[in-house]
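Here is the structure we will look at, set down as C-alpha cells.
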Amino acid sequence: YLPGFNRLVNYSANLNKGSKMFGTLQNYLSGIQRAWSAADGDSLASFISLKDKHIMNRNLYVENPENTVERMLDPPIDEIVCAHLKVLYYLGMESRDFMQAFVSSHNAYNLLLKCYNS
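Right, dumping it as C-alpha cells:
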C-alpha cells in the first residue's frame, strides 16, 4: 500500500483534458513567485495542491519543467514546483502513469519536509 496513492488516482480522474484555465506556465510560475516572496502559505499550498482547479490547465503538463522553472523561481520552491508539474504531466497523459505520478508526488512531499525542517 502506498500512502496517498488512492487520492492521487481519484484526483487524476477529474482532469479536464481541454481546459486552458489560468493561461501559461509562466503566469502560473509568476503567481508562485509572488506568493513565495510574500510568504503567502495559503496561496502556495493551492499552487501545489491536486485539489486546486489549476490541475485542469494542460499548459502545466510539462514532462521536463526544470529549465523554465529554475529561470523563474528560486530554490527550494523551484524543486517542489518541478515535482508538482511532473505529477500533473503523468496524470494528464493519454495513458496515465500513476506510478510515476506517485513518485513525483512523493518527491514533492519530501522536498516540502526538507524545507520545513531546515
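Each residue of the sequence shown is one higher than the one before, starting from 527 at the first, in our numbering.
For each residue, glycine too, the CB sits at the ideal point set by N, CA and C.
Closest Cα partner of I574 within the set I603, E592, E620 and S644: Distances from the alpha-carbon of I574 to those of I603, E592, E620 and S644 put I603 closest.
For D623 and N633, the rounded distance between their alpha carbons: Those two C-alpha atoms are separated by around 16 Å.
Delimiting residues of the alpha helix (DSSP H) encompassing R597: Where R597 is concerned, the enclosing alpha helix (DSSP H) starts and stops at E592 to M598.
Rounded separation between E589 and Y615 - CA only: In a straight line, the C-alpha of E589 is about 6 Å away from that of Y615.
Distance between S572 and D578 (C-alpha atoms, nearest Å): C-alpha separation (whole angstroms): 6 Å.
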